[in-house]
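Chains P and B are the protein sequences, given in the same order.
Position one of the first sequence corresponds to residue 1 (the working numbering), numbered consecutively onward.
Position one of the second sequence corresponds to residue 1001 (the working numbering), numbered consecutively onward.
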Amino acid sequence: MVLASYKGRCACANDIQDSALDRTNRIEARRDRLRRISRFVAAVFMIAFATTAFSAGTPVGTVIDNMAQVDFDIAGTPDSVNSNVSSITVQETIDVVVTLQSPQNLVAANDTNQALLFRVTNIGNGSEAFQLAINSVIGGDDFDPVPSATPIYFDSDASGDFSVGDVAYVPGGNDPVLAADASVDILLLNDIPGGVVDGEIGRSELTADSLTGTGAPGDAFLTQGDGGTDAVLGATGGTGSDTGEYLVGEVQISVLKSVTVLDQFGGTEPIPGATLTYTVTVAVTNGGTATSSVANDFIPADTTYVPASISLNAAALTDANDADAGELDMSGAPTVVVRLGNLTQADGIQTVVFQVTID
Amino acid sequence: MSFYTHSKGVVMKISYGFGLALLLIFSSANAISQEQGHLNVTTLVEMEQVSVGADGERQTRLVPVETVVPGDVVIYTTTVENISDEAADNVVVTAPVPEHLSYVGGSAFGPGMLIEFSVDGGVSYAAAEELTVDDDGQPRPATADDFTHIRFVMQDDLAAGAQSIARFRAHLN
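And the structure:
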């Protein structure tokens, strides 16, 4: 994100103040560390996934014939004879793997519908239906995420996150049926309990079980394979699972401030009478939510606020403290106040603009 | 490509396509073996079955197999029996590695036989370590996966009434 890369380089006369922003600065160092860890986890995962070349194997029902040929001489005369044809038929083998696709999900206490992305791949050699299940009570973590009311979704729009258009999974209703080598992306949704603190980890697991059956590798389900063949459980025993992680941490916010100068002679000299246009951009850069965010910006010394010059995302705001999102607060040092509300990364960049003139 | 077949005592050199059609008809009428002329040749496909006896000893035996799943290892055994009253010489057993199967390295076995491999569909043969395959324009040593055919060249005559075997393992992809 471009904004993030400029963070801290802004040579502005003013500071933007916000309780959330202050906290952000305080925990910046640790946040950076957490982000690095997240990225590292994601990178390791990508590598692992890229090198895992699943192959479904020879298709069920394939008939493999073989015949040997023997050449020889008898009494100096060359001759040749072929053997009978030996024949074997490929049965269905049931195998499935589940692999986590998303990096560690950075969350805050009481967040809801936090998604982890998994991929379910049929590595058997026939078509197979799978039942999906979520388990968020896993040993070895710091807290148990709470599965959302509808905790399993298909990532129907392939966005990689939980979004409008994703279809809820109903056990026994729309169990995914996967052809050999086919896969489907699945989202697990959990709510984060209150009382968790920064740095704590909670895990959640997706399991996919073959509807034909699960068990020990080699177990057979007679005539239950494709085309009436026997179905034999492969190395996975017809079940696969993987676990994702939620990491509790503060929301990360990027702030960038810039100023342009326009003097009364049409130039750009910062002389008395010149107009300064301040542009403040605010954006959430991770998975958290900045609740009730407020941008506060003091009017610099030796300048005068230009009346009715505040705007938020190009929409004008009045100077009065009224129903709109911003005002000029004259109760103390003159301050531009703009309420940005609950911000997430999906809200994108919030742009606040106001003007002053140099006294 | 051409090869020889033997019918009613007449040796004919025939085209590959025609020969294949002939063989299919021929084999379906002789599902068990070819008792034609001088040699009786049988191919059997089996798998290892491990059982634990009453004394706790693990016993491995070969059992004929009709169905397989990916990952299974099967064993092809070709038995050559000389049913004529003359010795056969220059006996060569050619066994294809069927599609969907991969040869298990080091598994080819034949008493008194020189074993060679082909990576080009049976056009040419050489010792396993001498074979190379093209890998994006660069030759690389062939691996067991690359072998398309195995050739068992009997070093001595097959005496009248004698039999020999050629065997290899392959796993189902």
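Just so it is clear, CB atoms sit at the ideal spot from N, CA and C, and this is done for glycine as well.
Predicted model only: the values in this text are computed from it and were never measured.
Secondary structure, beta strand (DSSP E): runs of 3+ residues fully inside the region 132-213 of chain P: 146-154, 183-191 and 201-210
Enclosing beta strand (DSSP E) for Val1092 (chain B) [first to last residue]: Ala1088 to Pro1096
State the DSSP-derived secondary structure class of Gln69 (chain P), mapped to helix, strand or coil. strand
Would DSSP call Gly244 (chain P) helix, strand or coil? strand
Quick check: what's the CA-CA separation for Asn66 (chain P) versus Phe154 (chain P)? 44 Å
In chain order, what residues of the same chain lie with their CB nearer than 6 Å to the CB of Gln224 (chain P), ignoring the 5 residues before and after it? Thr212 and Ala231
Give me the Cα-Cα distance between Ala1159 (chain B) and Asp1055 (chain B), rounded to the nearest whole angstrom. 41 Å
Extent of the continuous beta strand (DSSP E) run through Asn1040 (chain B): Segment Leu1039 to Val1052, the beta strand (DSSP E) holding Asn1040 (chain B).
Chain P contact residues for Thr1078 (chain B), given Cβ-Cβ distances below 8 Å: Ala68, Val70 and Ser83
How is Asp359 (chain P) classed by DSSP in three states: helix, strand or coil? coil
Based on Cα-Cα distance, which residue from P:Val167, P:Gly61 and P:Val96 lies nearest to Asp242 (chain P)? Closest by alpha carbon: P:Val96.
N-terminal and C-terminal residue of the beta strand (DSSP E) that Met330 (chain P) is part of: Taken as a continuous stretch (DSSP letters only), Met330 (chain P) belongs to no beta strand (DSSP E), as it is neither H nor E.
What do you reckon, are the CB atoms on Phe1152 (chain B) and Tyr1103 (chain B) nearer than 8 Å? Taking 8 Å as the Cβ cut-off, Phe1152 (chain B) and Tyr1103 (chain B) do not qualify as a contacting pair.
For a contact defined as C-beta to C-beta under 8 Å, what are the partners of Val90 (chain P) on chain C? Considering every chain present, this structure includes no chain C. Its protein chains are P and B.
Would you list the residues sitting across from Gly368 (chain P) in a DSSP beta bridge? Within the shown structure, residues of chain P are numbered from 1 to 359, placing residue 368 (chain P) beyond reach of any answer.
Near-chain P residues of the region 1034-1059 of chain B (beta-carbon distance less than 7 Å), N- to C-terminal order: Of all residues in the region 1034-1059 of chain B, Gln1034, Gln1036, Gly1037, His1038, Leu1039, Val1041, Thr1042, Thr1043, Leu1044 and Val1045 have a Cβ within less than 7 Å of some Cβ in chain P.
Starting from Ile88 (chain P), trace the beta strand (DSSP E) in both directions and tell me its first and last residue. Ser86 to Val90
With a threshold of 8 Å between beta carbons, is Pro1096 (chain B) in contact with chain P? yes
For chain B, check one thing: does any of its Cβ atoms lie closer than 8 Å to the Cβ of Ile64 (chain P)? yes
Can the beta-carbon of Ala115 (chain P) be found closer than 8 Å to that of Phe162 (chain P)? yes
Quick one: what's Asp1134 (chain B) bridged to in DSSP? B:Pro1139
Measuring alpha carbon to alpha carbon, tell me which residue in B:Val1133, B:Pro1111 and B:Ser1107 is nearest Ser1118 (chain B). B:Val1133
Should Asp359 (chain P) go down as buried or exposed, given a rule of 16 or more other Cβ atoms within 10 Å for buried? exposed
Against chain B, with Cβ distances strictly below 8 Å, would Ala216 (chain P) count as a contact? no
Mind checking whether Thr351 (chain P) and Thr281 (chain P) have CB atoms under 8 Å apart? In this structure, Thr351 (chain P) lies near Thr281 (chain P), with their beta-carbon atoms less than 8 Å apart.
Between the C-alpha atoms of Asp1157 (chain B) and Val1123 (chain B), what's the straight-line distance to the nearest angstrom? About 25 Å.
What did DSSP end up calling Asp347 (chain P) once you bin it into helix, strand or coil? helix
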